[in-house]
Amino acid sequence: MQNTKTILEISGMHCASCAQKIENALKKIDGVKEVNVNFASEKALIEHSARLSDKGEFINVIKKLGYGVLGEEASDRSDHDSENDNHSDHHKLQAQSEIQKLKNRFFGALIFGFPLGLMVMLKVFEVEMPKWLEGNINIYAQFFLATAVIVASVNIWISGIKNFIKLSPNMDSLIFLGTSAAYFYSIAIAIISLQKGELQAELYFESAAIILVFITLGKYLEALTKGKTSDAIKKLIGLAPKEATVVRGGKEIIIPISELKIGDIIIVKPGEKIPTDGVIIAGYSGVDEKAITGESIPVEKKKGDMVIGATINQTGVIKFKATAVGQSTMLAQIIKIVEEAMGSKAPIQLVADKVSFYFVPAVLGIAIISLAIWLFFGYPISFALTIFVAVLIIACPCVLGLATPTAVMVGTGLAAEQGILIKSGKALETARLVNTIVFDKTGTLTIGEPSVIEIVAIAEKSLNEILQLGASIENNSEHPLAKAIIKKAKEKKIKFLPVKKFKALVGKGVIGEVNAKIILVGTRLLADEYGVKVAENIEKQMNQLERQGKTVVLVIEQTHILGLIAIADTLKKNSKEAISRLHQMGKSTAMITGDNQQVAEAIAQQVGIDSVIAGVLPQDKAKAIKQIQQGKQIGNWKLNIGNSTTQRVVAMVGDGINDAPALAQADLGIALGSGTDVAMETGEIVLIKNDLRDVAVAIDLSQYTLRKIKQNLFWAFFYNIIGIPLATGVLFPLTGWLLNPMIAGGAMAFSSVSVVLNTLLMKRYGK
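Here it is, written out as structure tokens:
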């Protein structure tokens, strides 16, 4: 049964451990195959069996854990159309509302926290306190201001308490423990001091308050910067026009984009956006497709050409028929792929996930042990409490949850802007490891529209008679070479003959009966199978044509070779440059094709490919990829890809249905946007522009993204590995230095922001 994917937007997550908790709970549902909860994008991507069509079960599990579901969007392949715009607006309003709440909380906490901090600073620098602030008034003032700060940021305490009650503490639980310990300890000391008429011990009101000020500031800045990591998806959603001009009842009317139907006739004037995908039925224009494909040069469009929704019509008026609307359009498919990619996880994130799951309980344990040890050695409760609070506050589970997903989000977004769809974090990580790239020939390295270049008569038949027999048989075939022969016959206005008993032999050719005679059209393999001997002089002619890069098709009547049809496909204009770029990156290249060795080598020589794997039947392509991965020799073909005993990380680049098994077998499948739906479905990376140079761009971008992920993870672990031991007071016996809880709070608050800012620097890629 085919799996379905569902995306849910989750509210109330405060750190990576929250995401991990939700993920583990959803995985327990019967029928759920895989779950990725992304703390950075606040979304859950759930892959499940089709029987779990009702999202209610997922939502109930999430709500039972204490989190909310802001909105949901199913992205099943056969899903009904949904309103992208409404969904986008809803999500945008929710995000803006959350940012505004955090802003209000921060400024509310700051208004009361600032004077409290000022009072402490006066004391630290031994500046004389105003007379009216001395004695009991000072204690009351500190209590009032600290309480006001707690009220302003009480949501943190509420979240922390709730998670403690559920025995699943999170980051807010640590903050609650630390700040409440300092606050209630200070209240106890204040009561005793007021009774005795003088201050009995140090108060920690300012620690509790200033920590909460820093935490609310950190959450506010984190929300602002996190929002910027998904700019790419916002831009994509914003591309869709709101209205379309359609012809209905013989009149032009303007309707909302949501009311478009397949088959509608749409008119687009110069400067307007094309509202949906379709085929031009009248008019001529240049269309700017940069928003979708990343291609800066406008594309000429005429009758019969396809147009893509959200691209811009530049010069002329065009009239086209809608072929896709709503979720079926290319823009909607791109948005879906990018959203799923942003919600997926790179394998490198698994380490951070495991750490974050145990992080909060571990920190809580370290804080309690530290408190007990310092009390055991005879230090006062105020000293041990300072350490307890510092340990709880310095811990940074958020930064672990943001390090990888934010980089994946920006990396996939950058790729999408350049016309490269990277479907998952796994594909992004795999791409950097690829050391061998295998290309299909027809439609990938070449244009894929071969044409008849030459016809050679062998027997007593005219060139037109040979072409007539060949085209009549091939007229029943869908093979690209068959189409070339048919096209040539139509150009010459040759009449097709009736064919009986037609049969196609995959990878060999076709056979049929014309005028009671068996006609074979195909390769040497077909001739061999039917016992037709290829004479030496014919073989010589075939070799000569093949050395020129032409594919030779034999036309055979019964057992006699009537003639040769030479067909050639032209290289794509960027093929040679693409191979050159990959070589500069130190990658090995190979070409796999069903053509014979001579034709394949002629093409490979033109583009500069290292190795040629020729004469491979479609069903054997995947087997050939597997042998390359294992470093094994393939038949008699010498692979110039380094040490043949070394296992290779292989990327397969293809565009056709027959490439799908090879794309699936390869470590990384790269499909061309001009290819079949099957190929694009199987490929983990899709090149929308159909430009092979983007293979190198995709690999380079993946390497760049992984460098950022490693940097982020380094800082994430560095903050915690250095910060927590410092907070426990390990340096105190040697230096007499303790980590002030307020400094710990500031460090924790800004750790997440610094990692996200480092990720946002990725937007300078290529500039």
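The numbering of the sequence shown is the numbering used here, which starts it at 2 and goes up by one. Glycine residues also receive a C-beta, built at the ideal position from the N, C-alpha and C atoms.
Per-residue burial, residue i [other beta carbons within 10 Å of its own, 16 or more giving buried]
{"i": "Val731", "result": "exposed"}
{"i": "Lys493", "result": "exposed"}
{"i": "Cys170", "result": "Residue identity check: residue 170 is Pro in the sequence provided, not Cys. With 16 or more Cβ atoms within 10 Å of its Cβ, Pro170 is classed as buried."}
{"i": "Trp158", "result": "buried"}
{"i": "Ser79", "result": "Any reading at Ser79 needs caution, since the residue's pLDDT is 36, under 50, leaving its predicted position unreliable; the model's value is listed next. Exposed, by the Cβ-count rule."}
{"i": "Glu475", "result": "buried"}
{"i": "Ser357", "result": "buried"}
{"i": "Ala210", "result": "buried"}
{"i": "Lys65", "result": "exposed"}
{"i": "Arg708", "result": "exposed"}
{"i": "Ser18", "result": "buried"}
{"i": "Glu340", "result": "buried"}
{"i": "Val248", "result": "exposed"}
{"i": "Leu119", "result": "exposed"}
{"i": "Asn61", "result": "exposed"}
{"i": "Tyr359", "result": "exposed"}
{"i": "Val352", "result": "exposed"}
{"i": "Trp375", "result": "buried"}
{"i": "Asp529", "result": "exposed"}
{"i": "Lys197", "result": "exposed"}
Contact belief for residue i with residue j at Cβ below 8 Å, rounded distance in angstroms
{"i": "Ser753", "j": "Glu223", "result": "5 Å"}
{"i": "Ala569", "j": "Lys551", "result": "5 Å"}
{"i": "Val439", "j": "Met307", "result": "At roughly 29 Å, the Cβ-Cβ gap does not stay under 8 Å, so Val439 and Met307 are not in contact."}
{"i": "Ala191", "j": "Val150", "result": "Incorrect: roughly 16 Å between the Cβ atoms, too far for contact."}
{"i": "Ile710", "j": "Ile349", "result": "6 Å"}
{"i": "Thr330", "j": "Thr277", "result": "6 Å"}
{"i": "Pro242", "j": "Ala311", "result": "7 Å"}
{"i": "Leu390", "j": "Gly724", "result": "For clarity, residue 390 is Val in the given sequence; the question names Leu instead. Not a contact, Cβ separation roughly 13 Å."}
Residue from the options whose Cα sits closest to the Cα of residue i
{"i": "Ser181", "options": "Ile192, Gly161, Gly402", "result": "Gly161"}
{"i": "Ile454", "options": "Ser208, Val554, Lys711", "result": "Val554"}
{"i": "Ile336", "options": "Val121, Ala292, Lys462", "result": "Ala292"}
{"i": "Gly250", "options": "Glu244, Lys236, Ile267", "result": "Ile267"}
{"i": "Phe59", "options": "Leu9, Ile367, Leu376", "result": "Leu9"}
{"i": "Leu446", "options": "Gly420, Gln620, Lys488, Ala672", "result": "Ala672"}
{"i": "Gly317", "options": "Cys399, Asp668, Glu273", "result": "Glu273"}
{"i": "Asn659", "options": "Ala603, Gly444, Leu740", "result": "Gly444"}
{"i": "Val757", "options": "Leu714, Lys588, Pro726, Gly724", "result": "Leu714"}
{"i": "Val411", "options": "Lys104, Ile686, Tyr766", "result": "Tyr766"}
{"i": "Ala505", "options": "Ile258, Thr524, Ala605", "result": "Thr524"}
{"i": "Asp31", "options": "Arg52, Leu565, Leu761", "result": "Arg52"}
{"i": "Ser286", "options": "Lys496, Lys22, Val269", "result": "Val269"}
{"i": "Ile338", "options": "Gly426, Lys491, Thr405", "result": "Gly426"}
{"i": "Tyr68", "options": "Thr312, Pro299, Asp529, Gln21", "result": "Gln21"}
{"i": "Val624", "options": "Leu664, Ile610, Thr590, Gln585", "result": "In the sequence as presented, Val is not what sits at residue 624; that position holds Lys. Checked all of Leu664, Ile610, Thr590, Gln585; the closest Cα to Lys624 is Leu664."}
{"i": "Ser98", "options": "Ile722, Gly616, Val36, Tyr221", "result": "Tyr221"}
{"i": "Pro271", "options": "Ala142, Leu168, Ile319", "result": "Ile319"}
{"i": "Gln631", "options": "Asp621, Leu565, Gly57, Arg649", "result": "Arg649"}
{"i": "Leu735", "options": "Leu727, Gln419, Asn741", "result": "Leu727"}
Test item: CB-CB of residue i and residue j under 8 Å
{"i": "Gly471", "j": "Val600", "result": "no"}
{"i": "Lys442", "j": "Met592", "result": "yes"}
{"i": "Leu618", "j": "Gly595", "result": "yes"}
{"i": "Glu514", "j": "Val500", "result": "yes"}
{"i": "Ile47", "j": "Thr7", "result": "yes"}
{"i": "Leu218", "j": "Ala748", "result": "no"}
{"i": "Leu195", "j": "Asn137", "result": "yes"}
{"i": "Ile395", "j": "Ala745", "result": "yes"}
{"i": "Leu498", "j": "Gln545", "result": "no"}
{"i": "Phe113", "j": "Leu71", "result": "no"}
{"i": "Asn4", "j": "Lys34", "result": "yes"}
{"i": "Ala717", "j": "Val400", "result": "yes"}
{"i": "Ile689", "j": "Thr437", "result": "no"}
{"i": "Lys577", "j": "Val613", "result": "no"}
{"i": "Leu415", "j": "Leu702", "result": "yes"}
{"i": "Lys627", "j": "Gln598", "result": "no"}
{"i": "Leu332", "j": "Leu237", "result": "yes"}
{"i": "Ala603", "j": "Leu693", "result": "no"}
{"i": "Glu207", "j": "Val121", "result": "yes"}
{"i": "Lys424", "j": "Ile700", "result": "no"}
Residue-level contact to chain C via CB, residue i, 8 Å cutoff
{"i": "Glu540", "result": "The chain labelled as chain C is not found in the depicted structure, where only one protein chain is given."}
### Complete beta strand (DSSP E) runs within the segment 538–621 (minimum length 3 residues, chain order)
You should have 552–558, 561–569, 589–593, 612–614.
### Sequence ranges, beta strand (DSSP E) only - wholly within the segment 403–435, length at least 3
The DSSP assignment places complete beta strand (DSSP E) segments of no fewer than 3 residues inside the segment 403–435 at 421–423, in order along the chain.
### Query
Quick one: complete alpha helix (DSSP H) runs, 4+ long, within the segment 315–381?
331–344, 350–377, all fully within the segment 315–381.
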